[in-house]
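J.: Dumping the structure here so I can ask a few things about it.
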Amino acid sequence: MDTSATMTLNQDDTVEAAPLAPPGDLAVWFFILAELLVFAVFFIAYAVARTHDVALFAVMQQTLDPDAGALNTVLLVSSSWCVARAVLAVDGARLRTGARWLLAALACGGGFLLVKGLEYADKFAEGIGLSTNTFYMFYLSLTFFHFMHVVLGMLVLAVLWHGVRRGHYRRGRLSGLESGAVYWHMVDLVWLVLFPLVYVLH
Amino acid sequence: MQYQSQAVAKPYFIAAIGLFVGQILFGLIMGLQYVVGDFLFPEIPFNVARMVHTNLLIVWLLFGFMGAAYYMIPEEAETELHSPKLAIAMFWIFLVAGALTIVGYLTVPYATLAELTGNDLLETMGREFLEQPLITKVGIVVVALAFLFNISMTVLKGRKTSIALVLLLGLWGLAVFFLFSFYNPSNPVLDKYFWWWVVHLWVEGVWELILGALLAFVLIKVTGVDREVIEKWLYVIITLTLITGIIGTGHHYFWIGTPEYWQWWGSIFSALEPIPFFAMTVFAFNMVNRRRREHPNKAATLWALGTGVMAFLGAGVWGFLHTLAPVNYYTHGSQITAAHGHMAFYGAYVMVVLCIISYAMPVLRGRAANSNKAQVMEMWSFWLMTIAMVFITLFLTAAGILQVWLQRFSDTPMSFMATQDQISLFYWMREWTGVVFLIGLVVYIASFFVKGETRAAA
Amino acid sequence: MTTRHIDLLWLFLMFATALSWWLAEASPGAGVTGVVLALAFLKGRTVALDFMGLRGVRRPWPWLVGGWLVVVLAVIAFTFLQAPAA
Ligand code: HEM
Ligand code: HEM
Ligand SMILES: [Fe+2]
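Protein chains in written order, with my numbering: chain A, 164 to 365; chain B, 5 to 462; chain C, 117 to 202.
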């Protein structure tokens with residue numbers, strides 16, 4: 164990776180964002196790439212493990228609730244949309260609007276956690292755990308790892324919301340806001356693969 | 005030296021190097037015992053030599069970390085150390101306790117030592133790396149707490165930099181996880197399970213935070229790159245370390261009786277542990293390339309870059325080699341493990357401690373950097389030790405591959421001892437390379453006594 | 117990027133999600149797998165290029181995240197071709 168050139172770029176954070184470097188801080192992008200790699204390994208492990216026991220995975224996937232998965236996709240995608248709107252609003256110096264969009268994004272994230280939490284409660288009530296079978300080992304590990312990312316992302320969004328209300332960000336000084344925003348979009352992006360893989364394809 | 009109290013670091017560094025010599029001597033004794041089985045028998049049995057070798061390693065690295073903290077914290081916090089007297093008192097307590105423990109290992113049979121030191125009150129002894137008698141363990145905790153109190157108070161009253169906070173987090177973590185050495189459940193699965201909370205969560209968790217903080221500190225000093233840039237990368241590195249390293253503990257839970265999902269968790273997360281090590285290498289080279297000043301201490305810069313590369317090779321590459329469950333199934337506990345253990349410990353922790361010593365010692369002795377002559381000599385020792393370690397690792401890896409092949413993979417597996425006979429050539433080569441390592445260490449020490457033109461302290 | 121543009125993208129993402137949700141009920145087969153993965157690709161691409169703002173950014177970046185998406189989805193597709201659902 165060509166870090167030497169891009170790292171110097173971040174010193175020009177204050178310069179109007181030319182479409183040369185990705186929005187936000189380079190260090191955050193490095194982190195995002197590492198996270199994507201973790202998820203990629205997880206997804207591929209799931210897909211390969213499935214080929215060893217197609218029948219088990221097919222039967223077990225039927226025990227999931229695709230409606231809950233779809234609802235959660237709607238929630239996450241919408242929250243990503245809210246965050247994108249928030250960045251635009253702050254860029255246009257509409258801080259109050261920006262803060263409201265971030266709150267909306269947080270609400271969607273909270274909805275996601277609620278739905279996922281209910282799904283987990285359901286499964287745990289049936290006595291399902293990591294050792295139930297390979298499918299559930301993957302289902303629980305993968306979704307819980309993602310769940311923790313949603314929690315972390317929401318903490319980031321809360322900090323951004325606070326920052327927007329305090330007027331920390333404005334055109335030309337958006338790096339912090341954009342860094343948090345791309346992190347949240349990454350959490351969404353990962354779910355967009357996770358949802359079809361675990362809930363839809365069988 | 006900017007603050008008088010930084011001077012307490014000096015005895016810590018000197019003791020560290022002294023114990024390092026002892027560690028290597030016992031390594032050589034064991035290396036010879038590998039091929040000449042009754043060497044020094046019955047005076048120093050292999051198991052005792054092994055204990056001395058590994059315990060000295062841990063203890064001198066701890067001396068190095070403490071010295072590093074005493075040196076760095078006043079400068080980071082921009083205030084004198086809370087209590088230099090306490091630091092010196094702890095130094096002597098730790099040194100005497102450590103020496104007595106080693107004398108105990110060497111003079112009394114281990115079982116007798118256990119009896120004498122109250123192991124029946126609370127059984128904590130007899131586990132690899134944690135062999136210390138109960139009183140020594142308690143002593144370590146006392147020293148660690150006094151040390152943490154001292155530096156935490158210093159940071160509390162002074163400037164709070166990211167480097168200081170990461171260092172504190174790492175050192176507190178080190179102390180907290182050591183507490184699991186007092187927990188020794190009689191169920192062997194649980195015993196092993198928590199044993200790794202000390203061993204793995206040290207080297208692949210909290211120690212990495214210390215490593216990152218030390219490296220960042222030296223890089224700021226020798227490159228003059230903005231603190232802000234360096235600290236940002238430090239945060240990314242430690243977050244990745246914690247995400248991968250904590251769940252990565254699972255790579256030790258494949259075959260000890262723990263649930264099967266650990267084979268997946270351990271494989272997946274530990275396979276990603278090389279990322280933070282890689283980031284550290286990129287980070288070190290990048291900062292040096294973007295340096296804003298030419299620091300006269302070239303040797304320290306060399307150690308910093310060397311740490312990045314060798315930690316990535318030893319921990320990242322050699323760790324990855326055997327971290328996937330299907331591979332580890334064959335390589336578990338073989339010479340491949342020893343190869344990795346040597347290069348990782350050397351590349352990450354030995355080198356970073358030598359790096360901070362290289363940077364700080366001249367300053368503690370009243371100059372910005374050593375004379376050119378002394379630095380050239382130090383760089384020679386760098387190459388001698390580092391290349392020797394690379395070859396020790398390669399020979400052990402070769403021995404390990406053969407061992408796995410003959411003893412575990414083949415259709416007609418050989419017995420353990422028959423296999424050892426087959427690979428003794430590699431053990432001889434390891435031993436001779438170990439001698440080169442010792443020569444490198446002697447050159448290193450000699451470099452402290454070389455005079456010559458020096459510049460005054462910055 | 118205008119707000120209108122972003123809103124349209126959101127509508128598209130909602131529509132694609134509804135479609136995959138509906139396909140979850142459909143009887144499994146190579147065709148369905150293909151469509152679901154293609155939808156996932158389009159959705160992911162939208163998030164990466166437009167929401168994450170990688171459109172027009174200089175080379176390695178759009179490529180790294182896009183490459184991630186392609187590799188992951190391709191491996192998944194491959195394993196489903198190898199071992200289709202019974
Ligand atoms: C600086 C960091 C590291 C140090 C100092 C270190 C040191 C060690 C040592 C001493 C052992 C042997 C433990 C014993 O059984 O007595 C060991 C085992 C092991 N290490 Fe590391 N290690 C480091 C990082 C890593 C990383 C990053 C990975 C994975 C990518 C890794 C993978 C392993 C594995 C799989 C084993 C178990 C080998 C077996 O089954 O026998 N290590 N390590
Ligand atoms: C700075 C240098 C060194 C470091 C950091 C180091 C570290 C270690 C560690 C961590 C272990 C435990 C390995 C494990 O549990 O798998 C070990 C064991 C050992 N070391 Fe070293 N060592 C160093 C130098 C040497 C040298 C120079 C020699 C000899 C030539 C040597 C010979 C041995 C032997 C023979 C063992 C025992 C392996 C066994 O149990 O089979 N070491 N050392
Ligand atoms: Fe480990």
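Note that CB positions come from ideal geometry on N, CA and C, so glycine has one too. The structure displayed is predicted, hence computed values, not measured ones.
(1) Are the beta-carbon atoms of Ala103/B and Ala148/B separated by less than 7 Å?
(2) Beta-carbon within less than 7 Å of Ala181/A's beta-carbon, same chain only, minus the 5 sequence neighbours each way: which residues are those?
(3) Please classify Lys455/B: is it buried, with 16 or more other beta-carbons within 10 angstroms of its beta-carbon, or exposed?
(4) Can you find a CB in chain C that lies within less than 7 Å of the CB of Ser338/A?
(5) Taking just the CA atoms, how far does Thr158/B sit from Ala81/B?
(6) Which one of Asn59/B, Leu32/B and Val145/B has the shortest CA to CA distance from Met94/B?
(7) Are the C-beta atoms of Ala197/A and some chain B residue less than 7 Å apart?
(8) Just tell me which of Leu238/B, Thr248/B, Leu60/B and Leu29/B has its CA closest to the CA of Ser271/B.
(9) When every heavy atom of ligand 1 is checked, does at least one fall within less than 6 Å of the C-beta of Ala283/B?
(10) Can you name the residues of chain A whose CB is closer than 7 Å to the CB of Pro263/B?
(11) Using the C-alpha atoms, what's the distance from Glu277/B back to Ala321/A?
(12) So does Met355/B have its beta carbon nearer than 6 Å to some heavy atom of ligand 2?
(13) If I'm right that Met223/A touches Phe298/A with Cβ under 8 Å, what's the distance once you round it to whole angstroms?
(14) Is any beta-carbon of chain A found at less than 7 Å from that of Val52/B?
(15) Considering just the uninterrupted stretch of the alpha helix (DSSP H) at Trp264/A, what are its terminal residues?
(16) Let me see if you follow: with CB-CB separation under 7 Å, is Ala233/A close to chain C or not?
(17) Taking 6 Å as the cut-off, does the CB of Asn332/B come closer than this to any heavy atom belonging to ligand 1?
(18) Please determine, among His255/B, Leu368/B and Gln424/B, the residue with the shortest C-alpha to C-alpha distance to His336/B.
(19) Closer than 7 Å by beta-carbon distance: list the chain C residues that pair up with Leu265/A, in chain order.
(20) Which residues in the same chain have their Cβ closer than 6 Å to the Cβ of Val163/C, if we skip the five residues on either side of it in sequence?
(21) Are the C-beta atoms of Tyr346/A and some chain B residue less than 7 Å apart?
(22) Which term fits Thr177/A, buried or exposed, when burial requires 16 or more other beta carbons within 10 angstroms of its beta carbon?
(23) Quick check: what's the CA-CA separation for Trp467/B versus Ala343/B?
(24) Got a list of residues with beta-carbon closer than 6 Å to any non-hydrogen atom of ligand 3, in chain order?
(25) Just checking my contact of Asn374/B with Phe258/B at CB under 8 Å: how many whole Å lie between their CB atoms?
(26) Got a sec: does ligand 1 put a non-hydrogen atom nearer than 6 Å to the Cβ of Ser274/B?
(27) At a threshold of 6 Å, does Phe349/B count as lining ligand 1 (C-beta to nearest heavy atom)?
(28) Give the interface partners of Tyr362/A over in chain C, defined as CB-CB distance under 7 Å, in chain order.
(29) Please classify Met55/B: is it buried, with 16 or more other beta-carbons within 10 angstroms of its beta-carbon, or exposed?
(30) Counting only runs of 3+ residues fully inside the stretch 138–192 of chain B, write out the beta strand (DSSP E) ranges in chain order.
(31) Contact check, Gly343/A vs Val319/A under 8 Å by CB: the rounded distance?
(32) Run through DSSP, which three-state label would Arg434/B get?
(33) For the 8 Å Cβ check, are there 3 or more pairs between the stretch 441–449 of chain B and the stretch 378–398 of chain B?
(34) Measure the Cβ-Cβ separation of Leu185/C and Gly160/C and say whether it is below 7 Å.
(35) Please determine whether the Cβ atom of Thr465/B lies at a distance below 6 Å from any heavy atom of ligand 2.
(36) List, in chain order, every chain A residue whose beta-carbon is nearer than 9 Å to that of Leu276/B.
T.: A quick look at the data gives this:
(1) Position 99 of the second sequence, counted from the start, is the residue given in the question as residue 103/B. Position 144 of the second sequence, counted from the start, is the residue given in the question as residue 148/B. For Ala103/B and Ala148/B, no; Cβs fall outside 7 Å.
(2) As a position in the first sequence, residue 181/A is number 18, starting the count at 1. Note that Ala181/A scores a pLDDT of 49, beneath 50, so its modelled location is shaky and nothing firm can be said.
(3) Walking along the second sequence from the start, residue 455/B turns up at place 451. It is exposed - the Cβ of Lys455/B has fewer than 16 other Cβ atoms within 10 Å.
(4) The residue given as residue 338/A occupies position 175 in the first sequence. Closer than 7 Å: no.
(5) Within the second sequence, residue 81/B is the residue found at index 77, counting from 1. Within the second sequence, residue 158/B is the residue found at index 154, counting from 1. The straight-line gap from Cα to Cα measures roughly 7 Å.
(6) As a position in the second sequence, residue 94/B is number 90, starting the count at 1. Closest option to Met94/B, Cα to Cα, is Val145/B.
(7) Here residue 197/A corresponds to residue number 34 of the first sequence, with the count starting at 1. Cβ-Cβ to chain B under 7 Å: yes for Ala197/A.
(8) As a first step, residue 271/B must be located in the second sequence, where it is residue number 267. For Ser271/B, the nearest C-alpha among the options comes from Thr248/B.
(9) Sequence index remark: in the second sequence, residue 283/B carries index 279 (1-based). No, since every heavy atom of ligand 1 falls outside the 6 Å radius drawn around the Cβ of Ala283/B.
(10) Locating residue 263/B in the second sequence gives position 259, where the first residue counts as 1. Residues of chain A passing the Cβ test: Leu293 and Ser294.
(11) Mapped onto the first sequence, residue 321/A falls at position 158. Mapped onto the second sequence, residue 277/B falls at position 273. Each residue's alpha carbon lies about 29 Å from the other.
(12) In the second sequence, residue 355/B corresponds to position 351, counting from 1. No, the beta carbon of Met355/B sits no closer than 6 Å to any heavy atom of ligand 2.
(13) Taking the first sequence and counting its residues from 1, the one referred to as residue 223/A is at position 60. Taking the first sequence and counting its residues from 1, the one referred to as residue 298/A is at position 135. Going by Cβ atoms, the distance from Met223/A to Phe298/A rounds to 4 Å, so yes, they are a contact pair.
(14) The count along the second sequence starts at 1 and reaches residue 52/B at position 48. It does not; no Cβ of chain A falls within 7 Å.
(15) For the purposes of this step, residue 264/A is identified with residue 101 of the first sequence, where counting begins at 1. Note, Trp264/A: alpha helix (DSSP H), Leu258 to Ala288.
(16) As a first step, residue 233/A is located in the first sequence; it is residue number 70 there, counting from the start. Ala233/A counts as touching chain C.
(17) The residue you call residue 332/B lines up with position 328 of the second sequence. Checking every heavy atom of ligand 1 against the Cβ of Asn332/B, one is found closer than 6 Å.
(18) Translated into the one-based positions of the second sequence, residue 336/B becomes position 332. Closest option to His336/B, Cα to Cα, is His255/B.
(19) On the first sequence, position 102 is the one that residue 265/A refers to. Ordered by position in chain C, no residue passes the 7 Å Cβ test against Leu265/A, which lies about 14 Å from the chain.
(20) By 1-based counting over the third sequence, the position of residue 163/C is 47. Excluding positions up to five away in sequence, the list is empty.
(21) Position 183 of the first sequence holds residue 346/A. Not one chain B Cβ lies under 7 Å of Tyr346/A.
(22) Locating residue 177/A in the first sequence gives position 14, where the first residue counts as 1. Interpretation of Thr177/A is limited by its pLDDT of 42, a score under 50 that renders its predicted location unreliable; the figure taken from the coordinates is listed afterwards. Label assigned to Thr177/A: exposed.
(23) Shown here, chain B extends from 5 to 462; a query on residue 467/B therefore has no answer.
(24) His204/B, Glu208/B, His255/B and His256/B
(25) Translated into positions along the second sequence, residue 374/B becomes position 370. Translated into positions along the second sequence, residue 258/B becomes position 254. In fact, because the Cβ distance is near 47 Å, the residues do not count as touching under 8 Å.
(26) Taking the second sequence and counting its residues from 1, the one referred to as residue 274/B is at position 270. The answer is yes for Ser274/B.
(27) Translated into the one-based positions of the second sequence, residue 349/B becomes position 345. Because some heavy atom of ligand 1 lies under 6 Å away, the Cβ of Phe349/B counts as near it: yes.
(28) Here the question's residue 362/A lines up with position 199 in the first sequence. Ordered by position in chain C, the residues that pass the 7 Å Cβ test against Tyr362/A are Ala140.
(29) Residue mapping note: residue 55/B aligns to position 51 of the second sequence, counting from 1. It counts as buried.
(30) none
(31) The residue given as residue 343/A occupies position 180 in the first sequence. The residue given as residue 319/A occupies position 156 in the first sequence. Contact holds; Cβ gap of about 5 Å.
(32) What you label residue 434/B is simply residue 430 of the second sequence in a count that begins at 1. It is helical.
(33) yes
(34) The residue given as residue 185/C occupies position 69 in the third sequence. The residue given as residue 160/C occupies position 44 in the third sequence. Yes, Cβ-Cβ distance for Leu185/C and Gly160/C is below 7 Å.
(35) For residue 465/B there is no data in the structure shown, the boundaries of chain B being 5 and 462.
(36) Counting from one through the second sequence, the residue named residue 276/B turns up at place 272. Ala197, Leu200, Val201 and Val204, listed in chain order.
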